[in-house]
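J.: The structure under discussion is supplied below as structure tokens; questions concerning it will follow.
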Ligand SMILES: [Zn+2]
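Right under this line is the structure:
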């Protein structure tokens with residue numbers, strides 16, 4: 010946390026009217042600990058939600074219920090006891106093995122829990138305790154599910170993207186998004202809609218840009234391959250529709266750019282280096298999802314920096 014200057018401003022010293030009031034060391038420590046409490050609470054909540062995301066990642070691609078039955082070991086089928094279901098800690102205590110049959114537990118589970126905690130803390134750091142924080146954190150958790158279902162199963166569950174789109178429309182009503190470029194264009198045309206109308210409109214335009222762009226690119230590749238090979242699945246289009254509803258047009262475009270760039274930087278060298286990757290099915294939604302999470306937190310700052318650099322702002 011950046012330290013603020015006292016109420017008299019940094020450097021300035023108040024006149025000594027009574028006695029110099031030095032904050033005691035103990036009081037200063039208490040203040041510092043109090044500042045950390047929201048971060049600790051968010052970290053714990055993130056771990057708990059991460060545990061639930063693991064259930065979604067394991068079951069949604071198989072179209073199983075995420076409510077019942079209770080979690081069980083995939084090998085011996087034994088239900089997992091509540092005290093073995095503590096995020097990260099249980100994995101460490103059990104050394105990554107089932108208590109009953111000693112089967113290995115995937116390190117993906119604690120990884121997802123830690124990443125979810127990271128998403129909560131990053132959101133809090135970026136937006137403070139605000140409606141934007143809730144919106145971004147819900148969005149990032151939905152995207153994190155897709156990042157891992159596509160990576161592990163090459164699946165982008167419609168349950169996540171359709172729920173995400175519906176929630177995205179509600180959020181654009183409750184938490185108005187920054188829709189400056191769109192507001193500027195509409196202003197030029199003589200329309201001056203309210204902040205809420207503009208926010209909902211920005212979400213819809215963002216979705217059309219994200220989903221539409223991906224649909225067009227997918228179709229172009231499909232036609233270029235002589236209708237032989239589908240490069241982009243409909244799941245990628247659904248993911249980008251959802252991203253658009255949350256991020257609006259400029260940041261949705263940035264997600265597409267960063268996701269494609271990231272995918273190319275990973276896929277191209279591997280494809281050139283090894284023939285094993287020639288016909289490899291790359292998880293596009295994983296790259297796009299990582300880009301979307303980055304953009305939701307730091308995209309606006311990156312965009313502002315770019316506009317300043319290009320001389321637009
Ligand atoms: Zn077991």
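In this note's numbering, the protein residues as written are 10 to 322. A virtual CB, placed ideally from N, CA and C, is assigned to each residue, including glycine. Note that this is a predicted model, so its numbers are computed, not measured.
(1) List the endpoints of the continuous alpha helix (DSSP H) containing residue 245.
(2) Quick check on the burial criterion: 16 or more other C-beta atoms within 10 angstroms. Buried or exposed for residue 15?
(3) Hey, residue 97 and residue 73: beta-carbon distance below 8 Å or not?
(4) Between which two residues does the alpha helix (DSSP H) carrying residue 81 extend?
(5) If contact is defined by three or more beta carbon pairs under 8 Å, each pair taking one atom from either stretch, is the stretch 171-184 in contact with the stretch 210-219?
(6) For residue 304, count the other beta carbons within 10 Å of its own beta carbon; 16 or more makes it buried, fewer makes it exposed. Which is it?
(7) Measuring only from the beta carbon, is residue 112 closer than 7 Å to any heavy atom that is part of ligand 1?
(8) Taking the alpha helix (DSSP H) that residue 60 belongs to, which residues open and close that run?
(9) With a 10 Å radius around its C-beta and 16 neighbouring C-beta atoms as the bar for buried, classify residue 314 as buried or exposed.
(10) Return the bridge partner residues of residue 88 from the DSSP annotation.
(11) What residue from 64, 70, 86 and 40 has the CA that sits closest to residue 76's CA?
(12) Determine the DSSP secondary structure at residue 321, reduced to helix, strand or coil.
(13) Identify, in the order they occur along the chain, each residue of the same chain with its Cβ nearer than 6 Å to the Cβ of residue 157, setting aside the five sequence neighbours on each side.
(14) Where does residue 111 fall in DSSP's three states?
(15) Span of the alpha helix (DSSP H) holding residue 118?
(16) If contacts are defined as beta-carbon pairs under 8 Å, then residue 79 and residue 88 qualify, I think. What distance do you get, rounded to the angstrom?
(17) When DSSP builds the beta bridges, which residues end up paired with residue 106?
(18) Can you check whether the C-beta of residue 255 is within less than 8 Å of a C-beta belonging to chain C?
(19) Tell me whether the beta-carbon of residue 150 lies closer than 8 Å to the beta-carbon of residue 254.
(20) Report yes if the C-beta distance between residue 272 and residue 243 is below 8 Å; otherwise report no.
(21) Rounding to the nearest angstrom, what Cα-Cα distance links residue 38 and residue 47 in this structure?
(22) Is any non-hydrogen atom of ligand 1 found closer than 7 Å to the C-beta of residue 85, if you look at the structure I gave you?
(23) Could you give the C-beta distance for residue 100 and residue 119, rounded to a whole number, given that I count them as a contact under 8 Å?
(24) On the three-pair Cβ rule with 8 Å, is the stretch 213-222 touching the stretch 256-268?
(25) Sorry if obvious, but does the Cβ on residue 65 come closer than 7 Å to a heavy atom of ligand 1?
(26) Taking 7 Å as the cut-off, is the CB of residue 109 close to at least one heavy atom of ligand 1?
(27) What would DSSP say about residue 186, mapped onto helix, strand or coil?
(28) Can you tell me whether residue 140 is helix, strand or coil according to DSSP?
(29) Shorter than 7 Å, the distance from the beta carbon of residue 82 to the closest heavy atom of ligand 1, or not?
T.: Looking at the coordinates:
(1) 243-282
(2) Note that residue 15 scores a pLDDT of 42, beneath 50, so its modelled location is shaky; the value from the coordinates is reported in the next line. Label assigned to residue 15: exposed.
(3) no
(4) Counting along the chain, residue 81 falls outside any alpha helix (DSSP H), and DSSP gives it neither H nor E.
(5) yes
(6) buried
(7) yes
(8) 34-68
(9) exposed
(10) For residue 88, which the question treats as bridged, DSSP gives the partners 81.
(11) Residue 76 has its Cα closest to that of 64, out of 64, 70, 86 and 40.
(12) coil
(13) Only residues of its own chain outside the window of five on either side were considered, and among them 66 have a CB closer than 6 Å to the CB of residue 157, listed in chain order.
(14) coil
(15) 117-136
(16) Right, the Cβ-Cβ distance comes to about 5 Å (below 8 Å), so this counts as a contact.
(17) Looking at the DSSP output, residue 106 shares a beta bridge with 113.
(18) The structure shown contains no chain C; it is built from a single protein chain.
(19) In this structure, residue 254 does not lie closer than 8 Å to residue 150 by Cβ.
(20) no
(21) 16 Å
(22) yes
(23) 4 Å
(24) yes
(25) Within 7 Å of the C-beta of residue 65 there is not a single heavy atom belonging to ligand 1.
(26) Yes - ligand 1 has a heavy atom lying nearer than 7 Å to the Cβ of residue 109.
(27) Residue state, collapsed to three classes: coil.
(28) helix
(29) It does: the Cβ of residue 82 is within 7 Å (strictly closer) of some heavy atom of ligand 1.
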